[in-house]
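Reviewing the structure listed below.
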Amino acid sequence: MRKISYVQAINEALHQVIERDKQIFIIGQGVTSPWYVGTTTVGLIDRFGQERIIDTPVSENTVTGAAIGAALAEMRPIVVHPRMDFMYYALDQIANHAATWHYMFGGQLSVPLTIWGIINRGGEQAAQHSQALQAIFTHIPGLKVVMPSNPYDAKGLLVASIKDDNPVVYIDDRWLYEYVGDVPEEIYTVPIGKGVIRRKGKDVTVVAISYMVNEAIKASEVLEKEGLNVEVLDLRSLKPLDENLLLDSVKKTGRLIIADGGWKTCGIGAEISAKIAESNIFKELKAPIIRVSLLDVPAPASSVLEKAYYRKAEDIVSAVRKNLEV
Amino acid sequence: MKRTDINIPSEVLRRVYETMLRVRKIEERVAELVSKKEIKCPVHLYIGQEAVATGVCANLQRDDYVFSTHRSHGHYIAKGGNIKSLMAELYGKETGCSRGRGGSMHLASPEVGLPGSSAIVAGTIPLAVGAALAFSIQKRNAVSVVFFGDGAVNEGTFYESLNFASLKKLPVIFICENNLYSTHMPISDCLANTDIYKKADIFNMPGIRIDGNGVVEIYKAAKEAVDNARKGGGPILIECMTYRWRGHVGPNDDIDKGLRSQEELDCWMNRCPIKRLEKNLLKDGILSESERIQVYKEIEKEVEDALLFAKESPYPDPNEDKFYNGVFKS
């Protein structure tokens, strides 16, 4: 199959969906900029014009609200937040409006909206330009949340998010943008709510999301050499969560490590741990669950501190060894 | 057409009169039912402000959009929402316009251009801008109207929305219903500059202040604004000076709580928008005394029918929500 990068996969998905469907448009800060949103939107403005590629003032809450309003008027907008940190401004529109609208009006209306949040960290950007807020959005009823870890899913989940009749928070990570992988040229979807086993194993399950999936695969390769057989489960969707896949894997291995690029407290790892704790599989666990996640500390600037702050494959390797007591 | 040149046909005036009266009669009945604790959800009554929603919506087509607030009953009725569904919603019934999930503050009726009301102050202002953006992309000849109170002017999204709408010249009409109070606070205690209409000027957008108790003036101003927006003339901010006879929430008038004075309320009750129009219609022979009595009777019957419908309707089934049905569209 043809190989392209994660960022090219996103760009291709956008070109294809906007071309095919007049209801789709993109709105947000920097969508016509050559660098603001990576190169994800390259070529869109030249091809589709200002009417459907709308670069906006720095008004996150209103722009998100406008995207919701357009979704209520038979459009399928994609609203972009070039850094998740800026989405706090838009939380009112996302949580109080987009998320509630279908239920609150008894199912009469829906908000077919893709809310695209980009994690853009590292490079000494510090606390307000580095956040990974998946847990916040996953907490809110009425939002679906997806986090692609590779180019194939980046395209397929983006198309699925846009086609979905509900608000979907699509979270990508600029650390993944140059990753190259198999991507079909035609348009396709990856189902929302379905995880996938990236690597089969029997000794321990590592549930990972987004960037941490690749770190988990690297970790599993290291551990393989030590004779340890790691199963890597890529959740892909945080809501709905593929509970069956999770339970089946942990039942098989009896051991669970969760690798997430967000903060620990009330994070995705906490939720997954609780799901296991509430299930019958809890009794079959051979060792306590370990969460590999960020400490509850704002992101630092200095690269020395950054190196210590972000989790990598070696942290997953240590967690697996600790769990297996090897 | 300029406002001053607009003549309102008699049948429109009659319809406007009936709509205002319908809003008033429903709201008065709702107030009683809240006092009796028959209606349990919080209600923000529109009594005294009827001319604003009525005068504006009389200029709209079915597929024009109206976005509303926590004080939503008047907008819903004026845009053509079904009053049986409204009453059932206030009773928390399955037959309510939001199937008992929304309550008084969350009314919608998409088939008549009511895509929802929000209880977050200023929450629907950007939604209206977005709907107008959609209309402009779709080259539809529709307009989007948003009603909000004077209190909403203190939210950042109000300013962001005015800027974006003016920047893109969108067909959106911002209607500020200035009833002089932001919940319990006089607006002069919340705004450094209480000339709300002047805030449009900063965004190169027209802004006007009109008498919010004069339905004829509101109708004319709205007509000019709607016609202009439909022709691609862009947005406008219309500040309507009015007054709510009841308190911020519930049937009481907040005078006992010391929030405002009897003199102030009396002064505004003397400027009742319905009585004012009624007097003129009788004087001009558009409405006879016997017709007036007939209209009252018919509307009172409509209200009682709606009430009966609400009372007799079933409650929603809690089992449905237990399994998260209805959170996502499938």
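Chains as they are written, first to last, in our numbering: chain A, 1 to 326; chain B, 327 to 656. Cβ atoms here follow ideal geometry from the backbone N, Cα and C, with glycine treated the same way. In this text, all values refer to a predicted model and were calculated from it rather than measured experimentally.
When rounded, the separation of the alpha-carbon atoms in A132 (chain A) and D85 (chain A) is 8 Å. Under the DSSP definition of a beta bridge, W35 (chain A) lacks any partner. When Cβ-Cβ separations below 8 Å define contact, H129 (chain A) makes no contact with chain B.
Within the same chain, no Cβ atom closer than 6 Å to the Cβ of Y507 (chain B) is found once the five residues on either side in sequence are excluded.
Distance from the CA atom of V31 (chain A) to the CA atom of G43 (chain A), rounded to whole angstroms, is 10 Å. Close partners of A457 (chain B) in chain A (Cβ separation under 8 Å): G69, A70, L72 and A73. Counting along the chain, N651 (chain B) sits inside no alpha helix (DSSP H), nor does DSSP assign it H or E at all. T483 (chain B) reaches chain A at S59, N61, T62, G65, D92 and Q93, counting residues in chain order whose Cβ is nearer than 9 Å. Taking a Cβ-Cβ threshold of 7 Å, the residues of chain A close to H432 (chain B) are M104 and F105, in chain order. Judged by their CB atoms, I258 (chain A) and S210 (chain A) are not nearer to each other than the 8 Å cut-off. Note: G117 (chain A) is bridge-paired with A:H81 and A:I171 in the DSSP secondary-structure output. Within the stretch 513 to 589 of chain B, the runs of alpha helix (DSSP H) at least 4 residues long that lie entirely inside it are, in chain order, 541 to 556. L371 (chain B) sits close to E353 (chain B), with the two beta carbons spaced by under 8 Å. Counted as a single uninterrupted DSSP element, the stretch harbouring D631 (chain B) is not any beta strand (DSSP E) but the alpha helix (DSSP H) occupying residues E615 to E638. Under the Cβ criterion of 8 Å, H139 (chain A) is not counted among the residues facing chain B. Interface with chain B (8 Å Cβ-Cβ cutoff): R311 (chain A) is excluded. Cβ contact annotation for W101 (chain A) (same chain, cutoff 6 Å, sequence separation greater than five): L109 and V111, in chain order. Rounded to whole angstroms, N539 (chain B) and A379 (chain B) show a C-alpha spacing of 11 Å. Around the C-beta of T205 (chain A), 16 or more other C-beta atoms lie within 10 Å, and the residue is accordingly described as buried. Following the DSSP letters along the chain, one finds D234 (chain A) inside the beta strand (DSSP E) bounded by residues V230 to D234.
Counting of Cβ neighbours within 10 angstroms places K366 (chain B) among the exposed residues, the total staying below 16. Counting along the chain, Y402 (chain B) sits inside the alpha helix (DSSP H) bounded by residues H399 to A404. In the three-state scheme derived from DSSP, where H, G and I count as helix and E and B as strand, S424 (chain B) is classed as coil. The criterion of a C-beta distance shorter than 8 Å is satisfied by R350 (chain B) and I600 (chain B). Counting C-beta pairs with one atom in each stretch, the stretch 565 to 584 of chain B and the stretch 601 to 620 of chain B have fewer than three that are closer than 8 Å, which means they do not touch. Within chain B, V653 and F654 have C-beta atoms less than 8 Å from the C-beta of G142 (chain A), given in sequence order. Within chain A, no residue has its CB atom less than 9 Å from the CB of R388 (chain B), the nearest being about 14 Å off. The straight-line gap separating the alpha-carbon atoms of M531 (chain B) and P497 (chain B) is approximately 12 Å. Counting only runs of 3 or more residues that sit fully inside the stretch 234 to 303 of chain A, the beta strand (DSSP E) segments are 237 to 239, 256 to 263 and 290 to 294, in chain order.
Using a C-beta cut-off of 8 Å, the stretch 236 to 252 of chain A makes contact with the stretch 141 to 160 of chain A, since at least three inter-stretch Cβ pairs fall below that distance. Chain B has no Cβ within less than 8 Å of the Cβ of W116 (chain A). Contact between P436 (chain B) and F393 (chain B) fails: their C-beta atoms lie close to 12 Å from each other, not under 8 Å. Contact check for L459 (chain B) and A274 (chain A): beta-carbon distance about 41 Å, past the 8 Å limit, so the pair fails to qualify. Counted as a single uninterrupted DSSP element, the alpha helix (DSSP H) harbouring D153 (chain A) occupies residues P151 to K163.
Only those residues of the stretch 557 to 591 of chain B whose C-beta falls short of 8 Å from the nearest C-beta of chain A would be listed, and there are none. Under the 8 Å criterion on CB atoms, S5 (chain A) is classed as non-interfacial with respect to chain B.
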